[in-house]
Amino acid sequence: MRTLVLARRILNTIPIMLGVAVIVFVVMRMLPGDPVDIMLGQTGAVSQQDLDRLRRDFNLDQPLAQQLVRFVADAARGDFGTSFARRRPVFGMLVEALPATIELALAATAVALLVAVPIGVLSAVYQRSWLDRLAMGGAFLGISMPAFWLGIVAIIVFAVRLGWFPTSGRVGHEVLLMPVTGFFLIDSVLTRNWAALSDVMRHLALPSVVLGASMMAIVARVTRSSMVEVMREQYVTTARSKGLANRVVIWRHALRNALIPTVTVVGLQVGVLLGGNMIVETVFGWPGMGRMVVDAIFSRDYPVVQGAVMLYAFTFVLANLAVDLCYIYLDPRISL
Amino acid sequence: MTRYLHLLTAVALLAIAAGLLAPAGAQDRVLAFALDTEAFRRPEAEAIADNLRTLGAQVEVRVWERTSMIARMQAGERLAYMTDWGSAFFEPFDLAEPKLTTGGRGNYSFYSNKEVDDLLVVGSTGADNTARRDAYFKVQDIIFREAPWIFAYFRQDIHGASSLVENWEASMDSRINLHDVRLSRGGVIVVGMNTNAIATFDPAMFRDRKTETVLRNIFDGLVTRTTKDQVVLELASAMRQPSPTTYEFTIRSGVTFHNGDPLTAEDVLFTFERILKDGAIAGASSPRRALLGPLDRVERVGENVVRFTLARPFPAFLQALVHFQIVPKRYIQTVGDRAFAERPVGAGPFKYLAGRVDGQIVLERHEKYHGGSPALPPLGPAPLRGVVFRMMPEPATRVAALKAGEVHIIEDLPVDLITEIERDPRTEVKATQGTRVSGVELNNAKPPFNDLKVRQALNHAVNWDLILKAIYRGYGTRLATAFLPSGFGYNPGLRPYTYDLTRARALLREAGYTVR
Numbered sequence: 000m001r002t003l004v005l006a007r008r009i010l011n012t013i014p015i016m017l018g019v020a021v022i023v024f025v026v027m028r029m030l031p032g033d034p035v036d037i038m039l040g041q042t043g044a045v046s047q048q049d050l051d052r053l054r055r056d057f058n059l060d061q062p063l064a065q066q067l068v069r070f071v072a073d074a075a076r077g078d079f080g081t082s083f084a085r086r087r088p089v090f091g092m093l094v095e096a097l098p099a100t101i102e103l104a105l106a107a108t109a110v111a112l113l114v115a116v117p118i119g120v121l122s123a124v125y126q127r128s129w130l131d132r133l134a135m136g137g138a139f140l141g142i143s144m145p146a147f148w149l150g151i152v153a154i155i156v157f158a159v160r161l162g163w164f165p166t167s168g169r170v171g172h173e174v175l176l177m178p179v180t181g182f183f184l185i186d187s188v189l190t191r192n193w194a195a196l197s198d199v200m201r202h203l204a205l206p207s208v209v210l211g212a213s214m215m216a217i218v219a220r221v222t223r224s225s226m227v228e229v230m231r232e233q234y235v236t237t238a239r240s241k242g243l244a245n246r247v248v249i250w251r252h253a254l255r256n257a258l259i260p261t262v263t264v265v266g267l268q269v270g271v272l273l274g275g276n277m278i279v280e281t282v283f284g285w286p287g288m289g290r291m292v293v294d295a296i297f298s299r300d301y302p303v304v305q306g307a308v309m310l311y312a313f314t315f316v317l318a319n320l321a322v323d324l325c326y327i328y329l330d331p332r333i334s335l
Numbered sequence: 000m001t002r003y004l005h006l007l008t009a010v011a012l013l014a015i016a017a018g019l020l021a022p023a024g025a026q027d028r029v030l031a032f033a034l035d036t037e038a039f040r041r042p043e044a045e046a047i048a049d050n051l052r053t054l055g056a057q058v059e060v061r062v063w064e065r066t067s068m069i070a071r072m073q074a075g076e077r078l079a080y081m082t083d084w085g086s087a088f089f090e091p092f093d094l095a096e097p098k099l100t101t102g103g104r105g106n107y108s109f110y111s112n113k114e115v116d117d118l119l120v121v122g123s124t125g126a127d128n129t130a131r132r133d134a135y136f137k138v139q140d141i142i143f144r145e146a147p148w149i150f151a152y153f154r155q156d157i158h159g160a161s162s163l164v165e166n167w168e169a170s171m172d173s174r175i176n177l178h179d180v181r182l183s184r185g186g187v188i189v190v191g192m193n194t195n196a197i198a199t200f201d202p203a204m205f206r207d208r209k210t211e212t213v214l215r216n217i218f219d220g221l222v223t224r225t226t227k228d229q230v231v232l233e234l235a236s237a238m239r240q241p242s243p244t245t246y247e248f249t250i251r252s253g254v255t256f257h258n259g260d261p262l263t264a265e266d267v268l269f270t271f272e273r274i275l276k277d278g279a280i281a282g283a284s285s286p287r288r289a290l291l292g293p294l295d296r297v298e299r300v301g302e303n304v305v306r307f308t309l310a311r312p313f314p315a316f317l318q319a320l321v322h323f324q325i326v327p328k329r330y331i332q333t334v335g336d337r338a339f340a341e342r343p344v345g346a347g348p349f350k351y352l353a354g355r356v357d358g359q360i361v362l363e364r365h366e367k368y369h370g371g372s373p374a375l376p377p378l379g380p381a382p383l384r385g386v387v388f389r390m391m392p393e394p395a396t397r398v399a400a401l402k403a404g405e406v407h408i409i410e411d412l413p414v415d416l417i418t419e420i421e422r423d424p425r426t427e428v429k430a431t432q433g434t435r436v437s438g439v440e441l442n443n444a445k446p447p448f449n450d451l452k453v454r455q456a457l458n459h460a461v462n463w464d465l466i467l468k469a470i471y472r473g474y475g476t477r478l479a480t481a482f483l484p485s486g487f488g489y490n491p492g493l494r495p496y497t498y499d500l501t502r503a504r505a506l507l508r509e510a511g512y513t514v515r
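Line order of the protein sequences matches chains S and H. Each residue of the first sequence is one higher than the last, beginning at 0 in numbering that gives the first Met the number 0. Each residue of the second sequence is one higher than the last, beginning at 0 in numbering that gives the first Met the number 0.
Structure, rendered in structure tokens:
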């Protein structure tokens with residue numbers, strides 16, 4: 000029964016992805032600016048034949064409806080076309096850029112959860128203490144500060160003034176890292192390149208904290224409020240009356256139930272992470288998908304934007320599915 | 000009753016006073032329009048608007064995203080817009096021609112003048128340099144007089160460099176030539192690029208300067224350019240021009256590509272055939288074709304002599320050739336165009352080692368380098384052990400990285416960050432005469448700018464000297480027209496419109512507008 004429901008959920012993604020495909024196709028073409036014009040730059044020495052030839056090369060001379068059908072049909076087969084700007088298959092570009100983005104997003108999530116969950120729990124346990132006030136004040140700041148500003152401040156303070164971390168990039172040029180999976184943390188472990196591992200971590204530190212900042216704040220607040228509620232439940236009192244240690248009651252009994260809203264929020268934050276990474280990747284010169292998309296939008300590189308948005312949508316759908324699966328683990332009463 | 004009388008008198012007096020203020024037949028037409036700009040030129044646009052407001056004009060500044068703005072300009076929807084144009088060849092033809100030719104690509108001012116069109120053709124295709132120069136001088140006279148836009152200035156290209164960098168000059172074609180550069184500490188130089196990614200490693204498949212900046216350190220061309228605007232021989236050891244439409248180059252002997260293959264006339268032929276022929280690069284065509292102008296064919300006429308034949312004279316041909324780099328025929332035919340674009344092999348001072356077009360690109364010294372252009376000493380392999388180009392699209396990040404000592408050269412320093420670099424003893428500002436002409440383009444097809452007097456008045460009304468000093472900190476030079484001083488046929492005798500409010504007022508009044 001459960002597998003059937005799961006299968007239906009997976010099948011549901013097809014119409015969603017189709018809708019996303021049509022919308023992104025139409026919206027991209029509503030933007031002013033001709034990709035061929037942008038491709039050839041604003042300098043002179045461009046003949047009409049050149050413009051026509053490039054349009055033909057990229058099928059831009061065909062009617063829009065025909066282009067749309069072609070795009071959807073190709074996308075279904077995993078072919079997102081060729082980038083106008085770099086003349087490479089978009090799929091290959093996405094696959095190449097994806098590990099950098101995922102690595103950053105996972106690091107940001109990990110940093111956010113490792114910091115926010117304990118803080119949320121402690122704030123709930125020591126309600127209205129100085130720790131609670133400090134943490135919630137910090138969370139308020141975390142939500143309010145735009146990632147762009149936070150990123151630049153972090154660079155100026157921790158990279159330029161203190162010199163603890165590099166200003167940008169994924170890995171220093173003096174470290175030669177053999178790419179295996181594209182995830183540099185994993186690659187450096189696989190190749191036993193410990194110098195690279197520490198260098199990659201140093202590069203990851205600032206962007207992941209900046210990207211995770213808003214998530215950290217939200218998660219801390221949600222964990223706190225749901226923890227406060229759970230602590231009032233009868234089974235917590237029961238657990239206490241059984242004579243269990245306070246530590247066990249809080250971290251094992253209460254937290255597990257308090258985490259459900261947290262998981263929901265984390266799932267929703269995946270979308271925010273994907274959006275935020277465009278800014279963070281640009282500020283930190285991180286060679287991932289976010290930066291690629293920003294660049295592609297400005298150069299009206301339709302295939303790249305289309306492919307990337309499809310991938311974003313797909314990731315989002317998958318993340319939601321994962322969240323639902325987490326519910327089952329956390330609370331067996333919930334079914335799909 | 001008396002009270003009403005007093006009131007009546009007061010009203011009557013007021014009416015007379017109002018009548019005196021606006022004498023019979025008064026002009027009540029106000030010059031009103033929106034000035035469109037991209038965000039980065041907003042302070043300049045506001046200053047221009049303020050200047051015009053002192054004349055009584057109503058000017059509103061609107062900020063646009065670049066491509067949206069261009070699309071609307073092209074559609075003829077907008078009236079006045081801040082534009083800037085880059086020249087690729089240091090010749091007036093690729094700045095003035097698209098801008099001024101009637102109906103030409105980039106004639107966003109919708110200016111139309113048959114005489115100018117004809118003169119531009121003489122200037123860009125003639126074989127006789129005196130006639131060409133005369134034609135260009137005449138064009139400048141005409142457009143100066145007719146003022147199809149508010150002429151302004153050319154911006155310098157401003158870069159930042161660490162004080163460890165020795166022997167580096169910012170070059171006018173905004174390329175970063177690292178062959179002769181040294182570092183007083185360390186052997187690997189890191190360059191912060193103002194882009195998300197370069198387009199490709201294939202010198203036939205791009206149209207942007209950022210890509211060229213990287214590629215010209217990996218590849219060499221038949222000719223190159225000094226940091227000023229002189230074209231000098233690089234891979235060619237001699238050049239002859241037997242007729243206005245033929246150029247013959249002798250290929251330097253003993254040059255090897257990074258993979259050890261010798262560079263021969265065959266490679267030169269292959270390089271240009273690849274660009275001339277449709278669909279020659281893995282099914283795609285080179286977007287650089289048009290830059291070669293009327294180049295018709297390339298053939299071998301001797302052991303190591305190559306002849307270029309043009310369909311008609313194209314005086315800018317040598318300038319154009321600077322931007323074409325020689326690729327290895329045998330290597331490309333063996334591995335294919337796609338693989339070549341992933342792992343480029345050239346004959347330049349540095350060879351590709353690792354990296355990606357959107358992250359960082361690591362190059363190492365080519366030990367068997369032929370030495371470079373004899374006109375650009377010193378010769379021989381590069382003093383640097385390696386070069387890293389790192390993509391850093393955010394200006395604040397580039398400046399931070401330069402200050403932190405992580406990069407040694409950064410491209411495109413925004414004006415508001417210049418002081419940061421100037422103040423720091425470990426960094427310095429490097430500026431060079433740029434090739435971008437900036438100004439305010441006017442829609443000549445629509446009122447109020449279809450009136451010559453209005454256009455001239457605006458040219459007198461803007462205090463450019465103050466704008467260049469206050470906003471651009473002196474990193475800009477005024478221009479009389481759209482011609483660059485570095486290009487052929489520039490008329491140095493033409494002085495820019497003077498800042499003259501009296502003259503501007505008079506012209507506006509003549510055009511029938513209320514003037515304050």
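Idealized CB from N, CA, C, for every residue including glycine. Bear in mind that the values here come from a model prediction, so they are computed numbers and not experimental data.
Closest Cα partner of residue i within the set the options
i	options	result
H/R273	H/A203, H/T418 and H/G473	H/A203
H/G125	H/G488, H/R502 and H/R515	H/G488
H/I128	H/E96, H/N112 and H/E90	Looking at the sequence provided, one finds Asn at residue 128 of chain H rather than Ile. It is H/E90 whose Cα lies nearest to the Cα of H/N128.
H/A319	H/K328, H/P327 and H/L309	H/L309
H/P327	H/V398, H/T82 and H/G259	H/G259
S/M177	S/A194, S/F164 and S/W163	S/A194
H/R61	H/L54, H/I47 and H/G55	H/I47
H/I417	H/A469, H/F339 and H/V387	H/A469
S/G229	S/A146, S/V124, S/G242 and S/V152	The sequence shown places Val at residue 229 of chain S, not Gly. With distances taken between Cα atoms, S/V229 lies closest to S/V124.
Residue i vs residue j beta-carbon contact at 7 Å
i	j	result
H/D35	H/R77	yes
S/V279	S/G150	yes
H/A400	H/G186	no
S/I142	S/A219	no
H/S108	H/W148	yes
H/T526	H/F153	Shown here, chain H extends from 0 to 515; a query on residue 526 of chain H therefore has no answer.
S/D300	S/F24	no
H/G55	H/F218	no
Cut-off 8 Å between Cβ atoms - residues of its own chain near residue i, not counting five sequence neighbours on either side
i	result
H/R28	G511, Y512 and T513
S/P14	none
S/R54	V35 and D60
6 Å Cβ shell around residue i - same chain, five flanking residues per side excluded
i	result
H/D499	H459
S/F283	S167 and P206
S/F79	V89, F90, P302 and G306
H/K452	L506, E509 and A510
S/R290	E280 and T281
Own chain residues within Cβ distance below 7 Å of residue i, not counting five before or after
i	result
H/D450	A510
H/E536	For residue 536 of chain H there is no data in the structure shown, the boundaries of chain H being 0 and 515.
Item to complete: Spell out a yes or no on whether the segment 415 to 426 of chain H and the segment 179 to 196 of chain S are touching, meaning 3 or more CB-CB pairs, one atom from each, closer than 8 Å.
Response: Not touching, per the Cβ criterion.
Discussion item. Under 8 Å, with one C-beta from each stretch per pair, do the segment 138 to 148 of chain H and the segment 174 to 184 of chain H reach the 3-pair mark?
Written reply: No: fewer than three Cβ pairs fall under 8 Å.
Worksheet item: If you measure beta-carbon to beta-carbon, which residues of the segment 361 to 372 of chain H are closer than 7 Å to chain S?
Response: V361
Worksheet item: Using a Cβ cut-off of 9 Å, which residues of the segment 247 to 278 of chain H contact any Cβ in chain S, in chain order?
Response: D277 and G278
Discussion item. With a threshold of 8 Å, are at least 3 pairs of Cβ atoms found where one atom belongs to the segment 312 to 320 of chain S and the other to the segment 11 to 28 of chain S?
Written reply: yes
Worksheet item: Three or more C-beta pairs closer than 8 Å, one from the segment 456 to 464 of chain H and one from the segment 83 to 90 of chain H: is that the case here?
Response: no
Worksheet item: Using Cβ-Cβ distances below 9 Å, what residues of the segment 384 to 397 of chain H are close to chain S?
Response: Residues passing the 9 Å Cβ filter: G385, V387, R389, M390, M391, P392, E393, A395, T396 and R397.
Fill in: Members of the segment 253 to 286 of chain S near chain H, C-beta cut-off 8 Å
T281, V282, F283, G284 and P286
Fill in: Interfacial residues, the segment 302 to 314 of chain S to chain H, with Cβ spacing under 9 Å
none
Practice prompt. Could you tell me whether the segment 377 to 397 of chain H touches the segment 353 to 366 of chain H, using the rule of 3 or more Cβ pairs below 8 Å?
Written response: yes
Worksheet entry | At least 3 beta-carbon pairs within less than 8 Å: the segment 235 to 248 of chain S vs the segment 265 to 272 of chain S | No contact exists between the segment 235 to 248 of chain S and the segment 265 to 272 of chain S.
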